[in-house]
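*Asks:* In the working numbering, the protein residues as written are 24 to 468. Virtual Cβ for every residue (Gly too), placed ideally from N, Cα, C. First, the structure itself, so that you have it in front of you.
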RNA sequence: UCCUCAGUAGCUCAACGGUAGAGCAUUCGGCUGUUAACCGAAGGGUUGUAGGUUCGAAUCCUACCUGAGGAGCCA
């Protein structure tokens, strides 16, 4: 590629656009892609994109060799190029700095017979999703993925600095964690049916008995026929699990995690939130303590607001929105009916009809972002639950072992990364919070 | 799986029973401060597919395909 023919000048530093402010009035070299181009006769304004930001360049015909000026003037959207010039403070330019071009080379020119498909105008969802590999270059998508990165870093930092050990759980699993209707079957292993994990939960419990406090963080898979703005078939979930923890401790840790993540995004991703036009005043109100209520209370509140819900039923999406509409921070609901919760939840010793499970429901209609609770530590109770749920005991022998060899009260939760990112970014749909979303009718690119 | 809505130029849309149109993108021309730049011109169409109704269908009817939103289920 002609890139190699580009003469390096030793007094010119190659910088990224995000570093421009530190190089005011200095000659620099930028490597990037043409985001947009405006031209006006003998002056052209190429806007360069390099993954760290946007830089408006100014190329004046009179100051440049003919060939350089003409190549910039005829450059097409998303062509890759190298530009050399002097950084100058310029209030008129987006970003506050501008580059006075002294030299430029197009590395690969996008041919006009196949122009870059995503223009600076409006596009539909279907078209953009078909071009997801290119759509990621757009400002809003770029910003959302950077917020995602910040949240993932924040999750790791939080657990790593609070005594948790990362102990990842397998993706191929032989049995269901919860139901059996939402599993992806993998037809490969000779001796038995294997499925893609829908939760690392059961393994996490074993890990917690080995390490005390653990978390796993990876993709999970749900074969649900869900077609809504809150669902992906492949999504990322972080699941901490703690030995010697009860329901209150689970709630405390989850709340502390949420607060730390919101703070971190607000501090480190201001620019991205601005690009996304996120109303950050709503996020600034997310502080401890979060409102807490029992399932019983939640049902009463919902009924008073006109919901059809009866005690024993699960919340629908409209119920979640109703429940959170009077609050500016996530609502913590606990003690759900035992019947609607997974088999492994500890029941309330005073009220066996309710399980020590907890959900965090995000405000602004973003729904359930965290689900967790205290697990059964009593062998006899767990055996009973397995029977009640018609689960094959043999497959759970190892899980029962955890109650035979030094059982302790323990608990944890799972947090869906994409829903959290959607909430932080104020996005309509979780598909924009993951680089390549996998959904019911979309597996490409 | 069910319910609702939508498929017209590369893209976003208009035309709603009577000759298929605009903006953006692309090409050519003009412009030394543009901010989704602007001005002028050109090329670009089997109206998702298959039937049907009609003198005449992008438009009305039927089936199918594709997509979107929602329900249930869930993070």
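1) Less than 8 Å between the C-beta atoms of residue 51 and residue 95, yes or no?
2) Three or more beta-carbon pairs under 8 Å between the region 205-215 and the region 167-181, yes or no?
3) Hey, residue 135 and residue 99: beta-carbon distance below 8 Å or not?
4) Using beta-carbon positions only, say whether residue 161 and residue 174 come within less than 8 Å of one another.
5) With 16 as the cutoff for other CB atoms within 10 Å, does residue 256 come out buried or exposed?
6) So for residue 267, helix, strand or coil by DSSP?
7) Give the single residue among 452, 442, 449 whose Cα lies nearest to the Cα of residue 261.
8) Going by other Cβ atoms of all chains shown within 10 Å of its Cβ, with 16 needed for buried, is residue 211 buried or exposed?
9) Indicate the three-state DSSP secondary structure (helix, strand or coil) for residue 178 in the structure shown.
10) Counting only runs that start and end within the region 252-332, where is the alpha helix (DSSP H) found for 4 or more residues in a row?
11) Is the number of C-beta pairs between the region 146-160 and the region 410-421 that are closer than 8 Å three or more?
12) Would you list the one or two residues that DSSP bridges to residue 391?
13) I want to know whether the region 114-124 touches the region 421-434 - three or more CB-CB distances under 8 Å.
14) Starting from residue 82, follow the beta strand (DSSP E) in both directions and report where the run begins and ends.
15) Determine the extent of the beta strand (DSSP E) in which residue 60 is found, giving its start and end residues.
16) Measuring CA to CA, which of 128, 80, 91, 188 is closest to residue 111?
17) Would DSSP call residue 127 helix, strand or coil?
18) Straight-line CA distance for residue 25 to residue 300?
19) For a quick check, are the C-beta atoms of residue 362 and residue 335 less than 8 Å apart?
20) Is the distance from the Cβ of residue 449 to the Cβ of residue 302 below 8 Å?
21) Where do the N-terminal and C-terminal ends of the beta strand (DSSP E) with residue 357 fall, by residue?
22) Rounded to whole angstroms, what is the Cα-Cα separation between residue 33 and residue 170?
23) So what's residue 465 in DSSP terms, helix, strand or just coil?
24) Please state if the CB of residue 354 and the CB of residue 312 are separated by a distance shorter than 8 Å.
25) When you compare only the Cα positions, how much space is there between residue 57 and residue 101?
26) In angstroms, rounded to a whole number, what distance separates the CA positions of residue 250 and residue 324?
27) Give the range of the beta strand (DSSP E) segment to which residue 243 is assigned.
28) Which term fits residue 93, buried or exposed, when burial requires 16 or more other beta carbons within 10 angstroms of its beta carbon?
29) Please tell me whether, using a cut-off of 7 Å, the distance from the CB of residue 280 to the nearest non-hydrogen atom of the ligand GTP is below it.
30) In the structure shown, what three-state DSSP assignment does residue 105 receive?
31) How long is the line joining the alpha carbons of residue 333 and residue 322, rounded to whole angstroms?
32) When the Cβ atoms of the region 269-276 are set against those of the region 221-233, are three or more pairs found closer than 8 Å?
33) In or out: residue 369 buried (at least 16 other Cβ within 10 Å) or exposed?
*Replies:* Reading off the structure:
1) Taking the first residue of the first chain as position 1, residue 51 is located at position 28. Taking the first residue of the first chain as position 1, residue 95 is located at position 72. No.
2) no
3) Counted from its first residue, the first chain places residue 135 at position 112. Counted from its first residue, the first chain places residue 99 at position 76. Yes, these two residues count as a Cβ contact at 8 Å.
4) Translated into positions along the first chain, residue 161 becomes position 138. Translated into positions along the first chain, residue 174 becomes position 151. Against a cut-off of 8 Å, the Cβ pair of residue 174 and residue 161 comes out as no contact.
5) Start at 1 with the first residue of the first chain, and residue 256 comes out as number 233. Under this definition residue 256 is a buried residue.
6) Sequence index remark: in the first chain, residue 267 carries index 244 (1-based). DSSP places residue 267 in coil when its eight states are reduced to three.
7) One-based indexing of the first chain puts residue 261 at position 238. The residue with the shortest Cα to Cα distance from residue 261 is 442.
8) Sequence index remark: in the first chain, residue 211 carries index 188 (1-based). By the neighbour-count rule (16 or more Cβ atoms within 10 Å), residue 211 is not buried but exposed.
9) Residue numbering aside, residue 178 sits at position 155 when the first chain is read from its first letter. Of the three classes helix, strand and coil, the one that applies to residue 178 here is helix, per DSSP.
10) 270-291, 293-298, 303-307, 318-327
11) no
12) Taking the first chain and counting its residues from 1, one reaches residue 391 at position 368. Residue 391 pairs with 384.
13) no
14) The residue given as residue 82 occupies position 59 in the first chain. 77-83 is the span of the beta strand (DSSP E), which, as asked, contains residue 82.
15) One-based indexing of the first chain puts residue 60 at position 37. From DSSP, the beta strand (DSSP E) with residue 60 extends over 50-63.
16) Locating residue 111 in the first chain gives position 88, where the first residue counts as 1. Closest option to residue 111, Cα to Cα, is 80.
17) Translated into positions along the first chain, residue 127 becomes position 104. Of the three classes helix, strand and coil, the one that applies to residue 127 here is strand, per DSSP.
18) Indexing the first chain from 1 puts residue 25 at position 2. Indexing the first chain from 1 puts residue 300 at position 277. Note on residue 25: pLDDT 47, under 50, position unreliable in the model; the coordinate value appears next. Near 40 Å, if we compare the C-alpha coordinates of residue 300 and residue 25.
19) Looking up residue 362 in the first chain gives position 339. Looking up residue 335 in the first chain gives position 312. Their beta carbons are under 8 Å apart, which means residue 362 touches residue 335 by this criterion.
20) Within the first chain, numbered from 1, the residue matching residue 449 stands at position 426. Within the first chain, numbered from 1, the residue matching residue 302 stands at position 279. Result yes, Cβ atoms of residue 449 and residue 302 sit closer than 8 Å.
21) For this step, residue 357 is matched to residue 334 along the first chain. Residue 357 -> beta strand (DSSP E) spans 354-360.
22) Translated into the one-based positions of the first chain, residue 33 becomes position 10. Translated into the one-based positions of the first chain, residue 170 becomes position 147. Straight-line Cα distance between these residues: approximately 36 Å.
23) For the purposes of this step, residue 465 is taken as the residue at position 442 of the first chain. If DSSP states are grouped into helix, strand and coil, residue 465 belongs with the strands.
24) Reading the first chain from its first residue, position 289 is the one you call residue 312. Reading the first chain from its first residue, position 331 is the one you call residue 354. No. Outside cutoff.
25) For the purposes of this step, residue 57 is taken as residue 34 along the first chain, with counting starting at 1. For the purposes of this step, residue 101 is taken as residue 78 along the first chain, with counting starting at 1. Near 5 Å, if we compare the C-alpha coordinates of residue 101 and residue 57.
26) What you label residue 250 is simply residue 227 of the first chain in a count that begins at 1. What you label residue 324 is simply residue 301 of the first chain in a count that begins at 1. Each residue's alpha carbon lies about 28 Å from the other.
27) Taking the first residue of the first chain as 1, we reach residue 243 at position 220. Counting along the chain, the beta strand (DSSP E) containing residue 243 begins and ends at 236-244.
28) The count along the first chain starts at 1 and reaches residue 93 at position 70. It counts as exposed.
29) This structure lacks the ligand GTP, and indeed carries no ligand of any kind.
30) The count along the first chain starts at 1 and reaches residue 105 at position 82. Strand.
31) Here the question's residue 333 lines up with position 310 in the first chain. Here the question's residue 322 lines up with position 299 in the first chain. Looking at the two C-alpha atoms, the distance is approximately 7 Å.
32) no
33) Taking the first residue of the first chain as 1, we reach residue 369 at position 346. Classification for residue 369: buried.
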